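Asks: Note that this note's numbering has the sequence shown beginning at 89, numbered continuously upward.
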Amino acid sequence: MQVETNKHLLPSYFKIISFVIAGLALTSVIISFNTQLNLDPNIFLPLGKYLFLLAMVFFSFSREKNEERSFNQLRLKCLIPAIIFANIFFLFETFMELFKSVEHREFMSAFEVLLIFHIYYLVSFYYYKNK
89 MQVETNKHLL PSYFKIISFV IAGLALTSVI ISFNTQLNLD PNIFLPLGKY
139 LFLLAMVFFS FSREKNEERS FNQLRLKCLI PAIIFANIFF LFETFMELFK
189 SVEHREFMSA FEVLLIFHIY YLVSFYYYKN K
């Protein structure tokens with residue numbers, strides 16, 4: 089039984105939307121570091137981070153403009169190692185934090201884990217796609 093994964097992907101124009109959202113994220117981060125505007129950086133920096141993550145999600149899970157049947161198998165081929173890599177990275181980082189003193193421990197946030205996952209997935213997908 090073959091599963092049609094194409095219907096679970098976003099339309100291809102979401103790639104363009106993801107670039108617009110990434111631009112908004114970059115603008116938000118730049119605004120957060122601008123001291124002349126007298127704005128609270130605690131609002132704009134997290135907003136920029138999560139907008140960038142949203143852009144990564146839209147870009148990762150949208151169809152290609154010229155979608156081929158082999159891309160579905162390639163997505164599955166790249167998805168499992170990306171999940172494993174993000175989990176191993178998270179566990180290794182957590183293990184390394186245990187050796188630090190309690191005051192200096194900084195565990196990875198969900199944002200960092202998801203960012204690592206999406207970057208690994210996108211790099212591997214486009215590497216194998218263009219191979």
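For glycine and all other residues, C-beta sits at the position ideal for the given N, C-alpha and C. This one's a predicted model, so the numbers in the text were calculated from it and none came from an experiment.
1. Could you give the residue range of the alpha helix (DSSP H) that holds threonine 262?
2. Need the endpoints of the alpha helix (DSSP H) that asparagine 175 sits in, please.
3. How many angstroms separate the CA atom of valine 201 from the CA atom of threonine 182?
4. So, leucine 139 versus serine 116, is the Cβ gap smaller than 8 Å?
5. Is the beta carbon of phenylalanine 121 less than 8 Å from the beta carbon of proline 134?
6. Please say whether leucine 162 and tyrosine 216 have beta carbons closer to each other than 8 Å?
7. Pick from Leu97, Val211, Gly111: whose alpha carbon is nearest that of alanine 143?
8. Within a Cβ cutoff of 6 Å, which residues of the same chain sit near phenylalanine 173, ignoring the five residues on either side of it in sequence?
Replies: The structure says:
1. Because the chain here runs from 89 to 219, residue 262 falls outside it and cannot be looked at.
2. 158-185
3. 12 Å
4. yes
5. no
6. yes
7. Gly111
8. Tyr208
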